[in-house]
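Engineer: Residue numbers (the working numbering): 67 to 354. Using N, Cα and C, we set each Cβ at its ideal position, and we do this for glycine too. Given the structure is predicted, the values throughout are model-derived calculations rather than measurements. What follows is a structure written as structure tokens; I'll ask about it next.
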């Protein structure tokens, strides 16, 4: 089923948002009568709606009537404790407000993500929280512009189309920079990287944080020290084994997420390496 589009000459929710200088989600919240909107913002949004002649679509009308109490959540790896924690918090919060949640795992698969986005549309969810891949920006933006409250988490969508989307993000570059700087301050100069996929902003930004920390300390980065994978346990395991083959050997390693950290730790244990006596390790995400 193809998404129904508004007529080309009909004003969109993004045009209303642009006129006021807010996100489409804020316009949607005004339309849906959410209480926690500043009065001046609400007034400006309603004024822009009147001036542009914007007419909310069926989804927005349904939201105002509170016919849907279902929230969609889409993540890329449901086995990752990071996403487990996020989903548990989201479910608890919405349950307390009388909502149910519909969770889906895309496994970072672009086609699977598209299919789940269509499913969320067909299920008429009242809102969507998504940790996206980087390939379906247009479809995600279309859903937000339809009036659906939508929040992007964990991965930045770097596109002019997505600039108005609400996003909740970690500072990946600074976090990686601080982790590697910690190892440098401990006296390490040969520091390896077990890095994530470069088609995701989180992977690219954490690699950049590693590089910045090494550059700022005046340390070289040997090509063999940088190993990139896919954020899975198995990837962390294999990449750490490769790093142990470096000559001269690395004395520390920075891992890009908790699943890769677990894999790297198991590889070090298998090879009889003591931490931190033989090799130090710092990972991104909270292993607690």
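With DSSP collapsed to three states, give me the class of residue 128.
Structural biologist: Confidence at residue 128 is low in this model, with a pLDDT of 46, below 50, so the placement of that residue is unreliable and no value is reported for it.
Engineer: As an exercise, report each continuous alpha helix (DSSP H) stretch of at least 4 residues that is fully enclosed by the segment 240 to 316, in chain order.
Structural biologist: As far as the segment 240 to 316 is concerned, its whole alpha helix (DSSP H) runs of at least 4 residues are 267 to 282 and 299 to 309.
Engineer: Note down the Cα distance separating residue 124 from residue 212, rounded to an integer number of angstroms.
Structural biologist: Its pLDDT being 48, under 50, residue 124 is placed unreliably by the model, and nothing is read from it.
Engineer: Relative to the C-alpha of residue 299, which residue among 314, 317, 308 and 328 is closest?
Structural biologist: Considering only alpha carbons, the answer is 328.
Engineer: Does the segment 267 to 277 come close enough to the segment 235 to 244 that 3 or more CB-CB pairs lie under 8 Å?
Structural biologist: Yes, they touch.
Engineer: For residue 141, tell me which candidate among 151, 120 and 332 has the shortest Cα-Cα distance.
Structural biologist: 151
Engineer: Alpha carbon to alpha carbon, how far is residue 228 from residue 234?
Structural biologist: 13 Å
Engineer: What residues in its chain sit with their C-beta under 8 Å from that of residue 206, if we drop five residues either side in the sequence?
Structural biologist: 183, 196, 198, 216, 218, 223, 228 and 231
Engineer: Hey, would you say residue 257 sits closer than 8 Å to residue 160, going by beta carbons?
Structural biologist: Cβ distance not < 8 Å, so residue 257 and residue 160 don't count as in contact.
Engineer: Taking residue 319 as part of the beta strand (DSSP E), name the residues at either end of that continuous run.
Structural biologist: Here the beta strand (DSSP E) through residue 319 covers 318 to 321.
Engineer: Would you call the segment 310 to 325 and the segment 281 to 297 in contact, with 3 or more CB pairs under 8 Å?
Structural biologist: yes
Engineer: According to DSSP, simplified to helix, strand and coil, what is residue 216?
Structural biologist: Here DSSP, grouped into helix, strand and coil, assigns residue 216 to strand.
Engineer: Considering only their Cβ atoms, is the gap separating residue 333 from residue 307 smaller than 8 Å?
Structural biologist: yes
Engineer: Can you say whether residue 293 is buried or exposed, counting buried as having 16 or more other CB atoms within 10 angstroms of its CB?
Structural biologist: buried
Engineer: From residue 97 to residue 179, what does the alpha carbon distance come to, in whole angstroms?
Structural biologist: 28 Å
Engineer: Leaving out five residues before and five after residue 83 in sequence, what residues of the same chain have Cβ atoms less than 8 Å from its Cβ?
Structural biologist: 89, 90, 92, 93 and 230
Engineer: Measuring alpha carbon to alpha carbon, tell me which of 247, 263, 323 and 111 ends up nearest residue 277.
Structural biologist: 247
Engineer: For the beta strand (DSSP E) containing residue 346, list its first residue and its last residue.
Structural biologist: 346 to 349
Engineer: Quick one: using the 10 Å Cβ neighbour count with 16 as the cut-off for buried, is residue 295 buried or exposed?
Structural biologist: buried
Engineer: Are the Cβ atoms of residue 191 and residue 137 separated by less than 8 Å?
Structural biologist: Residue 191 places its beta carbon less than 8 Å from that of residue 137.
Engineer: If contacts are defined as beta-carbon pairs under 8 Å, then residue 263 and residue 297 qualify, I think. What distance do you get, rounded to the angstrom?
Structural biologist: Confirmed, Cβ separation roughly 6 Å.
Engineer: In the DSSP assignment, the beta strand (DSSP E) including residue 234 goes from what residue to what residue?
Structural biologist: 232 to 234
Engineer: Going by CA-CA distance only, name the one from 202, 203 and 209 that's closest to residue 188.
Structural biologist: 209
Engineer: For a quick check, are the C-beta atoms of residue 260 and residue 331 less than 8 Å apart?
Structural biologist: no
Engineer: Could you name the residues that DSSP lists as bridge partners for residue 64?
Structural biologist: There is no way to answer for residue 64, as the model of the chain reaches only from 67 to 354.
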